[in-house]
Amino acid sequence: MASTLSSPAEARELIRNLMLPVTGILVFLVLWHLAAPQVQTSLGAFPGPTDVWEQSGQLWQEHREQRARADKYIAMQEERNARILADNPEAAVRIRGYPGAPTFFDQIITSLGTVLAGFLLATAIAVPLGIIIGLNRHVNAAINPLIQVFKPVSPLAWLPLVTMVVSATYVSDDPMFEKSFLTSMFTVTLCSLWPTLINTSVGVGAVDPDLLNVSRVLRLSFWTHVRKVVLPSAVPMIFTGLRVSLGIAWMVLIAAEMLAQSPGLGKFVWDEFQNGSSQSLSRIMVAVIAIGLIGFLLDRIMLKIQQRVAWDQ
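Residue numbers (my numbering): 28 to 340.
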């Protein structure tokens with residue numbers, strides 16, 4: 028009976044949760060469709076939703092064609108290598124990568140790999156350092172001024188410094204990583220570690236005094252105290268910082284790729300801007316929407332992880 032009575036209420040809640048976002052999106056699309064033709068640029072009218080949808084399909088088609096050419100290129104090399112090895116089993120053969128330009132979807136994969144590398148490095152630095160700062164007020168007093176100074180620094184300021192340092196220190200005849208990847212990754216790390224660092228230190232400093240007293244009574248070792256008492260209490264704050272850091276990392280990466288001309292979505296946007304074709308604005312809008320959707324999905328993924336790990340969720 029209780030289930031029957033609650034069903035209409037649940038149905039209304041479901042409709043409300045679905046209809047309000049859908050309505051907001053539809054209103055936005057209508058306003059966009061009406062306003063776009065009124066904005067004239069040097070490349071023509073600003074693209075509307077239909078133009079952007081068509082270009083997204085075109086980009087997908089270009090990706091499929093490029094992948095087909097890449098597969099054919101690899102297959103031709105394999106056939107050639109098979110003929111060479113048939114004549115000379117000791118011959119040195121290898122498969123060369125497809126030299127074609129990366130597609131829009133290849134750029135998305137590249138950007139995701141770069142932002143995750145920078146974010147993970149930032150997390151590896153921020154969480155341990157935040158724990159130390161939160162546990163020791165003297166360390167907090169010593170490092171807090173540095174945090175407040177470097178936290179607001181723009182990626183535009185970090186990028187030339189990181190570029191010069193990477194170029195000067197990362198010298199190899201057979202590098203494991205491209206310099207452009209390292210430049211973007213370190214820039215993302217420097218700009219995104221601060222929210223996690225601050226939230227971790229605040230979360231550690233706000234541990235319930237009763238839990239601290241229990242730890243003292245039990246005479247837990249430092250590592251056991253951190254693992255059993257501090258971290259479980261600070262997890263909600265840590266994940267709040269991680270979510271903010273990941274959002275900042277994604278925004279910083281796009282700017283870094285545009286300025287450093289590193290492979291990724293930022294470079295795609297800049298190349299289309301420089302291209303100046305009649306399709307460029309539509310393609311840039313496809314990239315803008317993709318950047319927003321990916322940022323949203325990254326935040327949702329981090330939220331799901333937080334709900335599984337954090338006790339308060």
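All residues carry an ideal CB built from backbone N, CA and C; glycine is no exception.
Same chain, Cβ closer than 7 Å to residue i, five either side skipped, listed in chain order
i: Pro290; result: Pro129, Gln134, Thr137 and Ser207
i: Asn108; result: Val120
i: Ile160; result: Val166, Asn167, Ile170 and Ser228
i: Ala29; result: Confidence at Ala29 is low in this model, with a pLDDT of 46, below 50, so the placement of that residue should be treated as unreliable; the coordinate-derived value is given next. Cβ within range, chain order: n/a, list empty.
i: Pro202; result: none
i: Val231; result: Gly157, Ile158, Gly161, Leu162, Val257 and Ala261
i: Tyr100; result: Tyr125
i: Val142; result: Val215, Ala276, Trp277 and Leu280
i: Pro172; result: none
Distance, residue j Cα to residue i Cα
i: Thr216; j: Ile281; result: 13 Å
i: Ser228; j: Glu89; result: 48 Å
i: Leu324; j: Gly274; result: 10 Å
i: Tyr125; j: Met191; result: 30 Å
i: Trp185; j: Ile111; result: 50 Å
i: Asn44; j: Ile52; result: 13 Å
i: Pro187; j: Glu284; result: 12 Å
i: Ile42; j: Val49; result: 10 Å
i: Ser248; j: Leu238; result: 14 Å
i: Asp326; j: Ala118; result: 51 Å
i: Val234; j: Val176; result: 27 Å
i: Gln334; j: Val244; result: 32 Å
i: Glu105; j: Ile122; result: 7 Å
i: Ser211; j: Arg39; result: 47 Å
i: Thr77; j: Trp297; result: 22 Å
i: Gln4; j: Thr196; result: The structure shown does not extend to residue 4, since the chain is modelled only from 28 through 340, so no value can be given for it.
i: Pro116; j: Gly140; result: 38 Å
i: Gly84; j: Ala144; result: 30 Å
i: Ala113; j: Asp200; result: 33 Å
i: Leu320; j: Arg164; result: 41 Å
i: Pro155; j: Gly268; result: 13 Å
i: Ala102; j: Thr68; result: 45 Å
i: Ser34; j: Pro236; result: 45 Å
i: Ile328; j: Gln301; result: 34 Å
i: Trp250; j: Asn240; result: 16 Å
i: Arg246; j: Ile316; result: 54 Å
Same chain, Cβ closer than 6 Å to residue i, neighbours up to 5 away in sequence not counted
i: Leu220; result: Ala149, Ile152 and Ala153
i: Ser242; result: His252 and Val256
i: Ala36; result: none
i: Arg310; result: Gln82 and Glu299
DSSP beta-bridge partners of residue i
i: Thr68; result: Gly71
Beta-carbon gap between residue i and residue j smaller than 8 Å
i: Leu308; j: Phe73; result: yes
i: Leu286; j: Ile318; result: no
i: Val253; j: Ile158; result: yes
i: Ile265; j: Ile225; result: no
i: Gln93; j: Gln306; result: no
i: Leu209; j: Val198; result: no
i: Cys218; j: Pro179; result: no
i: Ala97; j: Gly127; result: yes
i: Val189; j: Phe213; result: yes
Own chain residues within Cβ distance below 8 Å of residue i, not counting five before or after
i: Leu330; result: Arg270
i: Gly75; result: Trp59, His60, Ala63 and Pro64
i: Phe132; result: Leu86, Trp87 and His90
i: Leu32; result: Unreliable positioning characterises Leu32 in this predicted model, as indicated by a pLDDT of 46, which lies under 50. A coordinate reading is not provided.
i: Ser272; result: Phe146, Ala149, Thr150, Ala153, Ser219, Leu220, Trp221, Pro222 and Thr223
i: Ile332; result: Phe266
i: Met46; result: none
i: Val336; result: Val262 and Phe266
Nearest-angstrom beta carbon gap, residue j and residue i [assumed within contact, 8 Å]
i: Phe295; j: Ala314; result: 6 Å
i: Met312; j: Val57; result: The pair is not a contact, with the Cβ atoms about 16 Å apart (cut-off 8 Å).
i: Leu70; j: Gly303; result: 6 Å
Any non-hydrogen atom of the ligand GTP within 7 Å of residue i CB
i: Gly161; result: The ligand GTP is absent from the structure shown, which contains no ligand whatsoever.
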